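I have placed the structure first, in the form of structure tokens, so that the comments after it can refer back to it.
In the working numbering, the protein residues as written are 2 to 264.
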């Protein structure tokens with residue numbers, strides 16, 4: 002008895018992942034690789050901190066001394082940095098994330114709300130755990146302009162600013178997908194909050210530069226990893242692949258009404 006039809010071919014896992022005809026598999030692979038590559042520099046920084054690598058320590062000390070000298074001569078600069086570091090500290094940013102979660106649930110996007118929670122919680126727990134594991138002391142300066150408790154690496158402010166900025170950017174990009182000016186504004190705001198928050202910690206003398214860079218890198222890695230996981234979750238509902246850096250992780254969000262219906 003003969004059978005007809007095209008023969009079934011069994012491709013390797015690598016072939017399926019890199020197949021351009023199946024863009025979801027390709028994009029998920031690229032996203033996972035990107036998250037891993039972002040973790041590599043963080044691991045390197047952490048190892049250098051743990052090993053007290055002299056060139057890194059000298060660089061940290063020189064930058065801290067420069068910022069501290071400037072802060073002592075410019076009290077207004079200290080006031081601005083103090084206000085900024087409080088306004089965009091982990092507490093207020095987490096409150097903002099909770100408000101976005103509530104808004105997403107009311108809008109009918111519970112999966113996206115879960116992604117926001119998972120990203121913020123995962124990043125926050127990783128940061129707290131790594132502080133304990135590394136156990137690095139904060140800068141000990143004569144006549145400090147600010148004080149902070151706890152260990153230093155990675156910077157919790159830099160980490161949480163990166164997490165919150167990344168999450169809010171990827172949530173609200175769908176509303177600017179047809180506006181280049183809107184996308185530029187969202188990206189500019191996200192980068193500004195992330196960078197200035199990290200700099201404020203160095204400027205106030207409560208973190209080394211490598212602490213802040215470590216927080217930025219770890220936060221970026223967490224957002225990239227959870228965004229890749231969310232893309233897999235989306236595929237289960239039959240939705241098209243998204244372009245996260247242009248239209249967010251849930252492009253359909255902009256098409257939903259305030260109570261979850263179509264706009």
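Ideal Cβ placement from N, Cα and C applies to all residues, glycine included.
The structure displayed is predicted, hence computed values, not measured ones.
| Asked | Found |
| --- | --- |
| Is it buried or exposed for residue 120, if we count other Cβ within 10 angstroms and need 16 for buried? | buried |
| Report yes if the CB atom of residue 219 is closer than 8 Å to the CB atom of residue 128, and no otherwise. | yes |
| Compute the beta-carbon to beta-carbon distance between residue 177 and residue 187, rounded to the nearest angstrom, for a pair I have assumed lies under 8 Å. | 6 Å |
| Which of the three DSSP states is assigned to residue 138 in this structure? | coil |
| Could you check which residue in 77, 224 and 171 has the C-alpha nearest to that of residue 246? | 171 |
| Any contact between the region 56–69 and the region 247–255? By contact I mean 3 or more CB pairs, one from each, below 8 Å. | no |
| To test your reading of the DSSP string, which unbroken alpha helix (DSSP H) runs of 4 or more residues are found completely within the region 65–136? | 76–88, 91–108 and 111–135 |
| Can you give the Cα-Cα distance for residue 152 and residue 256, rounded to whole angstroms? | 44 Å |
| Based on Cα-Cα distance, which residue from 181, 182 and 198 lies nearest to residue 1? | Absent from the structure is residue 1, since the part of the chain shown begins at 2 and ends at 264. |
| Tell me, to the nearest whole angstrom, how far the beta carbon of residue 102 is from that of residue 122; I am working on the premise that it is less than 8 Å. | Between residue 122 and residue 102 the Cβ distance is about 11 Å, and since that is not below 8 Å, they are no contact. |
| Looking at the secondary structure, which residues open and close the alpha helix (DSSP H) in which residue 209 lies? | Here residue 209 belongs to no alpha helix (DSSP H), and DSSP marks it neither H nor E. |
| Given 8 Å as the limit, is there contact between the region 82–100 and the region 193–211, that is, 3 or more CB pairs closer than that? | yes |
| Please determine, among 191, 95, 230 and 217, the residue with the shortest C-alpha to C-alpha distance to residue 337. | Missing from the structure shown is residue 337; the chain here goes from 2 to 264 and no further. |
| Let me know the beta strand (DSSP E) ranges lying completely inside the region 173–202, each 3 residues or longer, listed in chain order. | none |
| Contact defined as beta carbons within less than 8 Å: I believe residue 154 pairs with residue 90. What is the distance between those atoms, to the nearest angstrom? | Going by Cβ atoms, the distance from residue 154 to residue 90 rounds to 18 Å, so no, they are not a contact pair. |
| Within this structure, are the beta carbons of residue 162 and residue 94 separated by less than 8 Å? | yes |
| Are the Cβ atoms of residue 206 and residue 147 separated by less than 8 Å? | yes |
| If you reduce the DSSP assignment to three classes, tell me which class residue 63 lands in. | helix |
| When you compare only the Cα positions, how much space is there between residue 194 and residue 72? | 20 Å |
| Could you please give the first and the last residue of the uninterrupted alpha helix (DSSP H) stretch that includes residue 247? | 245–248 |
| So, at 6 Å on beta carbons, what are the nonlocal neighbours of residue 183 in its own chain, with the 5 sequence-adjacent residues on each side left out? | 177 |
| So, helix, strand or coil for residue 22, using DSSP? | At residue 22, the pLDDT of 42 sits below 50, so the modelled position is not reliable; the number obtained from the coordinates is stated separately. Correct three-state label for residue 22: coil. |
| Using only CA atoms, which one of 244, 150, 149 and 156 lies nearest to residue 175? | 244 |
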